[in-house]
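*Asks:* These protein sequence lines map, in sequence, to chains A and B.
The numbers in the first sequence follow our numbering, run straight up by one, and end at 696.
The numbers in the second sequence follow our numbering, run straight up by one, and end at 696.
Quick one: the structure is below, and I'll ask about it shortly.
Number of protein chains: 2
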Amino acid sequence: MLYFEDIQLHEVMQSSATYPVTADDIKRFAGEWDPMPFHLDEAVAAMTPIGQLFSSGAHNIAISIKLSHTMMERPVAAIAGLGWQDVRFPLPVCAGDVLRLRTEIIDKRVSQSKPDRGIVTTLITLLNQDDAIVTEYKILTLVLRRLDSVSQA
Amino acid sequence: MLYFEDIQLHEVMQSSATYPVTADDIKRFAGEWDPMPFHLDEAVAAMTPIGQLFSSGAHNIAISIKLSHTMMERPVAAIAGLGWQDVRFPLPVCAGDVLRLRTEIIDKRVSQSKPDRGIVTTLITLLNQDDAIVTEYKILTLVLRRLDSVSQA
């Protein structure tokens, strides 16, 4: 189990797994959750500035979480998710793209109100086959400290 | 078509549609996208502080977008989504919950660099049957101005 103290600031990890995106996958996700015509119909998508079928942002987030599960070697002593910040979609995800995930620990700090836990900020970056960022966001997680760290504090 | 000028600051809308959450739905979404044991198995979930099966945050986002589609009476002249801010999950979504959506226009401003468009910020709130907030986030959208507004500027 990884506790707050075990999490290394600035550590970067990359998924060895990739996620190949298909037109059927884009349409199936969007059909259930985000039925915008340009996520469902190539002809409509061709008339948008993007010019081809592209995925729902919610689909990109789901793909990033799925890929993150391929990178969990040891479970983290997480108490709760505190939410996401600065979610952006700088480039569209299109059929034929092959996505992979990079994570970086960009901040960690002990809770001021509850010294038995800390807040870890992870930058989640979804990249395509050209190493271009298609989705990026920060996850804030409440993580338990080791008991011996707390008693020394 | 709703242009930037047609969007009313502070306007609040509520979905008349609701989304009833089932255990099967929670497990199906999590099984594909976020296979944490506590999203998949009632017995594991019972041992968490939440004490029962609860949904993936990505699932909540997907539900909110699905409900937003029931509220689109007129299309918005949106050019692009600029991302999401301050995504938070204050309460878990559990089997049996019945969710609905509230949206509020909390900010709108003309783009400084491109005066033919503006940025609209919408607060998206997913509520349960007790009127409690289960998920909340802000969406920033780039929206075209009416041509006559731009030429007068």
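In this text, a Cβ means the ideal position worked out from N, Cα and C, and glycines have one as well.
Note that this is a predicted model, so its numbers are computed, not measured.
Below 9 Å on C-beta distance, what does Ile-608 (chain A) contact in chain B?
*Replies:* Within 9 Å Cβ-Cβ: Trp-576, Asp-577, Ser-599, Gly-600, Ala-601.
*Asks:* From what residue to what residue does the alpha helix (DSSP H) around Glu-647 (chain A) run?
*Replies:* Here Glu-647 (chain A) belongs to no alpha helix (DSSP H); instead the beta strand (DSSP E) covers 641-653.
*Asks:* If contact means a Cβ-Cβ distance below 8 Å, which residues of the stretch 630-658 of chain A contact chain B?
*Replies:* If the cut-off is 8 Å between Cβ atoms, the stretch 630-658 of chain A has Val-630, Arg-631, Phe-632 near chain B.
*Asks:* For Ala-586 (chain B), is the classification buried or exposed, using 16 other Cβ atoms within 10 angstroms of its Cβ as the cut-off for buried?
*Replies:* Exposed: under 16 other Cβ atoms inside 10 Å.
*Asks:* Buried or exposed for Val-641 (chain B), please, with buried defined as at least 16 other CB atoms from any protein chain shown within 10 angstroms of its CB.
*Replies:* Classification for Val-641 (chain B): exposed.
*Asks:* For Gln-661 (chain B), would you say it is in contact with chain A, using Cβ-to-Cβ distances shorter than 8 Å as the test?
*Replies:* Residue 661 (chain B) is actually Gly in this sequence, not Gln. Not closer than 8 Å to any Cβ of chain A, the Cβ of Gly-661 (chain B) fails to qualify, so no.
*Asks:* Since Glu-575 (chain A) is in the alpha helix (DSSP H), which residue starts that stretch and which ends it?
*Replies:* Start and end: 566-576.
*Asks:* Measure the Cβ-Cβ separation of Ala-638 (chain B) and Ala-566 (chain B) and say whether it is below 8 Å.
*Replies:* Their beta carbons are under 8 Å apart, which means Ala-638 (chain B) touches Ala-566 (chain B) by this criterion.
*Asks:* Leaving aside the five residues before and after Ser-607 (chain B) along the sequence, list all residues of the same chain whose C-beta is less than 7 Å from its C-beta, in chain order.
*Replies:* So the list reads Leu-644, Ile-667, Leu-669, Thr-678, once near-sequence residues are dropped.
*Asks:* Return yes when the Cβ of Met-615 (chain A) is within less than 8 Å of the Cβ of Ile-646 (chain A), no when it is not.
*Replies:* One detail in the question is off: residue 646 (chain A) reads as Thr in this sequence, not Ile. No, the Cβ-Cβ distance between Thr-646 (chain A) and Met-615 (chain A) is not below 8 Å.
*Asks:* At the 8 Å Cβ level, is His-612 (chain A) part of the contact set with chain B, yes or no?
*Replies:* Yes, His-612 (chain A) lies at the interface with chain B (some Cβ there is under 8 Å from its Cβ).
*Asks:* For Glu-585 (chain A), report the span of its alpha helix (DSSP H) as first-last.
*Replies:* Per DSSP, Glu-585 (chain A) belongs to the alpha helix (DSSP H) from 585-589.
*Asks:* Measuring only the C-alpha atoms, how far is Ser-558 (chain A) from Tyr-680 (chain B)?
*Replies:* When rounded, the distance between both Cα atoms is 28 Å.
*Asks:* How many Å lie between Pro-563 (chain A) and Ile-648 (chain B) at the Cα?
*Replies:* Answer to the nearest angstrom: the Cα atoms are 36 Å apart.
*Asks:* Could you check whether the stretch 654-666 of chain B touches the stretch 680-692 of chain B, counting it as contact only if at least three pairs of C-beta atoms, one from each stretch, sit closer than 8 Å?
*Replies:* As far as the Cβ criterion goes, the stretch 654-666 of chain B touches the stretch 680-692 of chain B, which means the pair count is three or higher.
*Asks:* Taking a Cβ distance cut-off of 9 Å, strictly less, list which residues of the stretch 614-628 of chain B are near chain A, in chain order.
*Replies:* Listed by position along the chain: Ile-622, Ala-623, Gly-624, Leu-625, Gly-626, Trp-627, Gln-628.
*Asks:* Taking only the alpha-carbon atoms, compute the straight-line gap between Lys-570 (chain B) and Ala-605 (chain A) and give it to the nearest angstrom.
*Replies:* For Lys-570 (chain B) and Ala-605 (chain A), the distance between alpha carbons rounds to 14 Å.
*Asks:* Return no unless some Cβ of chain B is closer than 8 Å to the Cβ of Arg-605 (chain A).
*Replies:* In the sequence as presented, Arg is not what sits at residue 605 (chain A); that position holds Ala. It does; some Cβ of chain B falls within 8 Å.
*Asks:* Would you call the CB atoms of Ser-599 (chain A) and Trp-576 (chain A) closer than 8 Å?
*Replies:* Contact: yes.
*Asks:* For a test of the three-state rule: what should DSSP assign to Gly-626 (chain A), helix, strand or coil?
*Replies:* Residue state, collapsed to three classes: strand.
*Asks:* Beta carbon of Lys-570 (chain A): closer than 7 Å to some heavy atom of the ligand FAD?
*Replies:* This structure lacks the ligand FAD, and indeed carries no ligand of any kind.
*Asks:* Could you tell me which residues DSSP pairs with Lys-681 (chain A) in its beta bridges?
*Replies:* Answer is A:Gln-628, A:Leu-666.
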